Amino acid sequence: MIEKNFSNAHPKVLCVIGYPIEHSMSPIMQNAAISELNLNYVYLAFNILPINLNLAVKGFKVFNITGINVAHPFKQKILKYLDDIDPIAQKIGAVNTIKNDDGYLTGKNTDAEGGIQALLDAGYTISGKNILLLGAGGAARALTYVLAKEAKKIIVVNRTKKKAINLANEIKIFFDIKIEGKEYHNSVLKDESEKADILINTTPIGMYPNISKSPIPIEFLHKDLLVYDIVYNPLETKLLKDATQKGCKSLGGLDMLVNQGALAFEWWTNKKPNSSVMKKKIIEFLGNK
Ligand code: ATR
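Position 21 (the sequence shown) corresponds to 27 in my numbering; numbering is contiguous.
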């Protein structure tokens, strides 16, 4: 007689929430990791209207969703719905990963470690560097927190200037670093890029489908600048193309995406995923688009 394993018919559910979410590569890379380890999980993407975030959180509990990734625009808004927040995510003020233990929701931030690890793995250093960071949202908060431990100076520029100033002031509470928030204006970009060693884009400018856009005019890039764009779709953004044209070193957002996803996966499943497989699947998908 054939033994039927009924538990295999009922996989544990993981998901990502965001608005919009259709361009997220998380289902592709997370399901690839699940298949490779032959685990009984499935990873889905949910487009959640911002007014429905509270209902989505109830849904995590009602449907017993084991693990949740939180994408734009919920990384800061989600905090008030959580039962527990990892101390670093609390300081960052943004959560991108949640674990659900029988209705008890704990939040973490894997963007911070994932983003910085991508830079270090590519052979770059942060110690003593002047950094110009574009954007002041959830990803910017995570990166600024880890960069502030080692960088010499950070300038945060943001469309909403107040958010850049607030982020800089919050970081000063935790680290003894020169950090300033400024307006997202060409005159500021010109002055600050000249003085910077590393330029980091955390805004969605240049992301699919607006692939002809760049967050900074090409003439402000110089060959001594390392350009790090955390946008990963397309794999080579306009900013990265401009950087190459100006002789800059550059790094795209794919490794940060894979790193943060792999850290989340391991937290949820207690199994280390194969990051190379996750990365390969995304390259195959985006390359074939
Ligand atoms: P994430 O979680 O990916 O960081 P987020 O928290 O929504 O997403 O942050 C997006 C950042 O990109 C914000 O700093 C946003 O600026 P505002 O604070 O003014 O909203 C910035 N951003 C988004 N679209 C932009 C645009 N078209 N031009 C300039 N900045 C933009």
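Glycine included, every Cβ here is placed at the ideal spot set by N, Cα and C. These numbers were taken from a predicted model, which means no experiment stands behind them.
- Under the DSSP definition of a beta bridge, T112 partners with D90 and K105.
- Residues close to the ligand ATR by the beta carbon criterion (under 6 Å to any non-hydrogen atom) are, from first to last along the chain, H78, P79, K81, G141, A142, G143, G144, A145, A146, N164, R165, T166, K169, Y190, T208, T209, P210 and I211.
- Counting along the chain, no beta strand (DSSP E) covers Y238, and no H or E run does either.
- The distance from the Cβ of L227 to that of D248 is about 6 Å, consistent with a contact at the 8 Å cut-off.
- Boundaries cannot be given for N11, as no beta strand (DSSP E) includes it and DSSP labels it neither H nor E.
- Under DSSP, the beta-bridge partners assigned to L257 are Y234.
- Within a 10 Å sphere around the beta-carbon of E290 sit fewer than 16 other beta-carbons, which makes this residue exposed.
- For the stretch 143-215, the continuous beta strand (DSSP E) assignments of 3+ residues that do not extend past its boundaries occur at 159-164, 184-189 and 204-207, in sequence order.
- Relative to N192, the option among V163, N207, F180 and K178 whose CA is nearest is V163.
- Of all alpha-carbon atoms in K67, G24 and L43, the one lying nearest the alpha-carbon of K83 is that of G24.
- In the DSSP annotation of this structure, the continuous segment of the beta strand (DSSP E) that includes A51 starts and ends at Y47 to N53.
- For the pair of segments examined, the stretch 115-123 was found to touch the stretch 256-272: the number of CB pairs separated by less than 8 Å reaches three.
- Contact check for K97 against G73 fails: the beta carbons are separated by 8 Å or more.
- When rounded, the separation of the alpha-carbon atoms in F271 and I171 is 34 Å.
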